[in-house]
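Protein chains: 2
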Amino acid sequence: MGLAVGQLGAVNLQDSKASVVKRLVAMMHDAKKRGADFIVFPELAFTTFFPRYWMDNEDEIHQYFESAMPNDVTQPLFDAAAALGVGFYIGYAELTEDNIGYNTAILVNKSGKIVGKYRKIHLPGHADRKESVPFQHLEKKYFSVGDLGFGVFELMDAKFGMCICNDRRWPETYRVMALQSAEIVVLGYNTPSVNIHWNEPVHLRTTTHLISLQANAYQNGLWVAAAAKCGSEDGHHMIGSSAIVAPTGEIVARTLTEEDEVICVQADLSLGELFRQHVFNFSKHRRPEHYKLIVERTGAGNPIN
Amino acid sequence: MGLAVGQLGAVNLQDSKASVVKRLVAMMHDAKKRGADFIVFPELAFTTFFPRYWMDNEDEIHQYFESAMPNDVTQPLFDAAAALGVGFYIGYAELTEDNIGYNTAILVNKSGKIVGKYRKIHLPGHADRKESVPFQHLEKKYFSVGDLGFGVFELMDAKFGMCICNDRRWPETYRVMALQSAEIVVLGYNTPSVNIHWNEPVHLRTTTHLISLQANAYQNGLWVAAAAKCGSEDGHHMIGSSAIVAPTGEIVARTLTEEDEVICVQADLSLGELFRQHVFNFSKHRRPEHYKLIVERTGAGNPIN
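In order, the protein sequence lines correspond to chains A and B. Residue 210 in the UniProt record's numbering is what sits at position 210 of the first sequence, and the numbering runs on without skipping anything. Residue 243 in the UniProt record's numbering is what sits at position 243 of the second sequence, and the numbering runs on without skipping anything.
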């Protein structure tokens, strides 16, 4: 499978959604020329990463959300997918009929049809307004916890799982999808280079991003493709390092810029089988009777022995 | 905490257990001089990695096992711990009164007293005799699956978890211990550099070893210290790269040889708190209602959506 990642550089407050769609379509063309059958775009791709801003006014908030997908503004992306025969993953802020907000991603096939939806489960940040921080991280205010689980969807003879941003740091994310025979996990992210909670060395944001992708790809025998929105959005810097990771745990492609950039590999999905049949042959080696705390506890508690 | 790893070079078939104990005691002295309060020794430390050999005769098999710990041969190690005031972790083949074999590790305090025991849960390899392979990997023949769970033990004002070798590649291992507030996970391993099941590039054995330690240390906000038995045991080569990993996911010490070698760091256990209180604040962010497949399924199955 020709597997591409379309990393987006900064989307500033003043940038229109239509202008972003244009950039996405241009990257889809680029990816197609380089042999891609599928391209992964970022989380909340159509707008700036708005959870960094405190907003009270519902109309102001809702301008960042989509109540239909596709819609007039995003339709050209779906048209391009159908014209080029390229499937894609993209993230956006979804507003339901019941006025519930989700941090959502969709899987679109090469006819431009939506075949899978995921709503982010591991929402980072906080819901309250913090005063002593350089910016907010209000995902817990603007979004509800995803209610669709970690689904796995058949597309182009491959089993796709989806997750979003912070989900990629939680091993449960990948494991639940691997237990449904996922062969590839696709995700988008917006990761500020500054941690507002403690003085985390900036390099760690990239280090921990990459080792999370690598170890979880390996430990589940699947491909992982991750697309950043990055660079400086109105002065707020986010990391790049979009990457495609093989089931060996190795990074086989990585972006070098913090701007719009396409990376593309020929991904041999059968490579994962070597891991799933031997070292990670789940049915031979897993011992769920010893994993119970994973579902019985939410937070950490006392030793049980 | 002064945290050391005592890596063992090869232990050949002809090497006596007493000679190995001497090497372990020498490394404990070295570690003490370098400020260690605790030292991690390898899996099945007292003998060669005997699961590579097919044996039918019970007496022949049992010479690799210990039916008491400590015993006459291993007592000098416990005496040295008490004399130096250094705690340790070590792995050995345990034979119970009921004649059951386990791949076992113990936690010993600085008075030389055993304060915790773990029996390996993720046993790799096979129980049958394979003909077309360069050597056997008979852990499933010689050992039963551990029956003690992934316990967490208080020692030197720190909460220790233990695992063994292949366990380190399974994210469930660390998560179950982190949910019991583990601050440090210690482990030993014997990892052949050749994969008998497929033509795995040799470098991957080390790559996947390290990314597993790194990502799981980070994703659980804990220290990981891992000790190899390595080098060429009667012609059978095993990887080194014993390592100490911080809760940042960074390797802070790593062996350079494939011989007896001590590495030692001053490990700030409170570093993990920064992760456990923010990005990995389990009680705020985990969603066990979406993790159920982890305990409901052993092997991989069909998508549930």
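Here a beta-carbon is modelled for each residue, glycine too, at the ideal position from N, C-alpha and C.
- Using a Cβ distance threshold of 9 angstroms, glycine 146 of chain B and valine 176 of chain B do not count as a contacting pair.
- Uninterrupted alpha helix (DSSP H) stretches at least 4 residues long and entirely within the stretch 217 to 298 of chain A occur at 271 to 277, 282 to 285 and 293 to 296, given in chain order.
- The straight-line gap separating the alpha-carbon atoms of histidine 29 of chain A and glutamate 154 of chain B is approximately 58 angstroms.
- Any Cβ of chain A closer than 9 angstroms to the Cβ of tyrosine 291 of chain B would place that residue at the interface, and such an atom is present.
- Non-local C-beta neighbours of isoleucine 106 of chain A in its own chain, meaning closer than 6 angstroms and more than five positions away in sequence, comprise Ile114 and Lys117, ordered along the chain.
- When the alpha-carbon of phenylalanine 143 of chain B is set against those of B:Trp170, B:Pro134 and B:Gly125, the nearest one is in B:Gly125.
- Around lysine 141 of chain A, the same chain offers Ala127 as residues with beta carbons nearer than 7 angstroms, after the five sequence neighbours per side are excluded.
- Across the stretch 276 to 290 of chain B, CB contacts with chain A closer than 9 angstroms involve Arg276, Gln277, His278, Val279, Phe280, Asn281, Phe282, Ser283, Lys284, His285, Arg286, Arg287, Pro288, Glu289 and His290, in sequence order along the chain.
- Contact with chain A is absent for serine 132 of chain B, since none of that chain's Cβ atoms lies less than 9 angstroms from the residue's Cβ.
- A direct Cα-to-Cα measurement between threonine 208 of chain B and aspartate 59 of chain A gives close to 49 angstroms.
- Residue pairing by DSSP places lysine 120 of chain A in no beta bridge whatsoever.
- Residues are counted here when their Cβ sits less than 7 angstroms from a Cβ of chain B; for the stretch 194 to 212 of chain A these are His197, Trp198, Leu204, Thr207, Thr208, Ile211 and Ser212, given in chain order.
- Here tyrosine 89 of chain A is near valine 186 of chain A, since their CB atoms are less than 9 angstroms apart.
- Shortest Cα-Cα distance from leucine 222 of chain A to any of A:Leu123, A:Ser241, A:Ile251 and A:Lys229 involves A:Ile251.
- Contacts with chain B at 9 angstroms (Cβ-Cβ) include tryptophan 170 of chain A.
- Under DSSP, lysine 159 of chain A shares a beta bridge with A:Glu154.
- Sequence-distant partners of tyrosine 53 of chain B (beyond 5 residues in either direction) whose C-beta falls short of 7 angstroms from its own C-beta, in its chain, are Gln136.
- The beta carbons of glycine 9 of chain B and glycine 188 of chain B sit about 14 angstroms from each other, so the pair does not count as a contact at 8 angstroms.
- Interface flag for valine 152 of chain A against chain B is set, since a Cβ pair is found closer than 9 angstroms.
- Between threonine 96 of chain B and chain A, the shortest Cβ-Cβ separation is not below 9 angstroms.
- The Cβ atoms of glycine 6 of chain A and phenylalanine 46 of chain A lie no closer than 9 angstroms to each other.
- Annotation note: the stretch 160 to 224 of chain B contains the following uninterrupted beta strand (DSSP E) runs of length 3 or greater, listed N- to C-terminal: 184 to 189.
- Around the beta carbon of glutamate 43 of chain B, 16 or more other beta carbons lie within 10 angstroms, which makes this residue buried.
- Within the DSSP secondary-structure output, isoleucine 61 of chain A pairs in no beta bridge.
- Under the three-state reduction of DSSP, tyrosine 89 of chain B is assigned to strand.
- Annotation for tyrosine 142 of chain A: the continuous alpha helix (DSSP H) segment containing it runs 139 to 142.
- The bridge partners DSSP lists for alanine 127 of chain B come to none.
- Counting of Cβ neighbours within 10 angstroms places aspartate 268 of chain A among the exposed residues, the total staying below 16.
- DSSP, reduced to helix, strand and coil, places alanine 83 of chain B within a helical segment of the structure shown.
- Closest option to alanine 226 of chain B, judged by alpha-carbon separation, among B:Ala246, B:His237, B:Asp234 and B:Glu233: B:Ala246.
- Between the alpha carbons of aspartate 157 of chain B and glycine 151 of chain B lies a distance of about 16 angstroms.
- Leaving aside the five residues that flank valine 20 of chain B on each side, the residues in its chain whose CB is nearer than 8 angstroms to its CB run, in chain order, Leu8, Val11, Ala45, Phe46 and Thr47.
- Contact of proline 303 of chain A with chain B is assigned, a C-beta pair being separated by under 9 angstroms.
- Between asparagine 109 of chain B and alanine 68 of chain B, the gap from beta carbon to beta carbon reaches 9 angstroms or more.
- For valine 108 of chain B, the enclosing beta strand (DSSP E) stretches over residues 101 to 108.
- Taking a Cβ-Cβ threshold of 8 angstroms, the residues of chain B close to proline 124 of chain A are Val279 and His285, in chain order.
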